[in-house]
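Inspection log for the structure reproduced underneath, given as structure tokens.
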């Protein structure tokens, strides 16, 4: 098999960890509106009524506790320890096993506390996977394909969101359908759990463990022989320079170049959350219902737009450069947000069935889709690509863990605050 095809296969299979994240983002919003969920878990007296609703704080915490689990497992001392001690591949295997446990707890949930524990455990899994998957992809991807293959991480998130919306559309309206919707998440988790032992280990991690012969074998699986030997020599030189400086200390990240790079990585991850994309992903049905549209239909459409608009990143990341895509993406999202705010305020102020209100509502939805498109090709995938590349080997695990943790802190803030603001 061609080494580049093999490298692509490794990137796609490892990105099932991102697919799990996307499934979790996509399934939860419709389930919160599901009658049987309100009956079996929330125990609402008027669960059968279309007007019954889980209170905003509880809904926000059901969504947000997942992010809290992600924050805990992505805490730099813990996740960096996993990456450096267990290795990238083993961390992915462990993460997929933990996700299966969290999914089982959610499927069996008969109360809010049990559901919260299930989502927290699933969050522990995704926090670790979000730290390791893009790093694993970048360390095995050829340099000429790195932007493309690392962008697959975000593409699989969007694929999971879309798949969850389709599953929810057919299942959540059935009795106990929400349990089936959650249980389907176990399928990709099982694929990840049983396929990763056959994937190569990270060559950089193998060099750090003084297993250079195994590192060369791993590189030869995804490189031509000459390219593999040249890259191994480069990795060994980089590791020797880092080793000569002694064991890295966390305090070193507070000074000089490491601090500058870490601030860049953390800022990008926080901004990725603060632009508000996950507000649409977590609570899209409520947003679309508030402006008079079918929540299920338009949520599925927005997920489809998100998925399709991520493909340009695979083609443009290695051609246009990372910073250019981030800049144009931010400009497009800014235009969309200003339009949504100005048009949306008028629509909500005079929400009637007249023509002007209908035009305004469709303009709001079109601007929401325009926002999603600009996020999907830029700030969605490129932040993960950029973070997987900018840190030196000596501090890579610590810096990537810190940046990923900051992403989940922002994610929790969005999940907890959005329903209250709505």
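Numbering (our numbering), first residue to last: 89 to 510. All residues carry an ideal CB built from backbone N, CA and C; glycine is no exception. Please read all numbers here as calculations on a predicted model, not as lab measurements.
| query | result |
| --- | --- |
| Environment of residue 490 [buried if 16+ CB atoms lie within 10 Å] | buried |
| Distance between residue 283 and residue 101 (C-alpha atoms, nearest Å) | 8 Å |
| Host alpha helix (DSSP H) of residue 475 (start-end) | 470-478 |
| Which listed residue (468, 390 and 389) has its alpha carbon closest to that of residue 415 | 468 |
| Contact check, residue 207 vs residue 160, beta carbons under 8 Å | no |
| Residue 155 beta carbon less than 8 Å from that of residue 492 | no |
| Local conformation of residue 407 per DSSP, three classes | coil |
| Minimum C-alpha distance to residue 281 - residue among 105, 122, 343 and 464 | 105 |
| Three-state class that DSSP yields for residue 452 in the structure shown | helix |
| Straight-line gap, residue 448 to residue 90 (C-alpha atoms, nearest Å) | 52 Å |
| For residue 248 and residue 110, believed in contact at Cβ under 8 Å, the rounded distance | 2 Å |
| Distance between residue 326 and residue 296 (C-alpha atoms, nearest Å) | 10 Å |
| Residue 323 (DSSP reduced to helix, strand or coil) | helix |
| Buried or exposed by the 16-neighbour rule on C-beta atoms within 10 Å, applied to residue 256 | buried |
| Cβ shell of residue 125 (< 7 Å), same chain only, five flanking positions each side left out | 119 and 266 |
| Touch test, the segment 342-356 against the segment 477-488, Cβ-Cβ under 8 Å, three pairs minimum | yes |
| Among 276, 394 and 244, the one whose alpha carbon lies nearest that of residue 456 | 394 |
| Under the three-state DSSP convention, the category residue 135 falls into | coil |
| Cα-Cα separation, residue 349 to residue 458 | 31 Å |
| Selection from 234, 194, 166 and 97 that minimises the alpha carbon distance to residue 404 | 234 |
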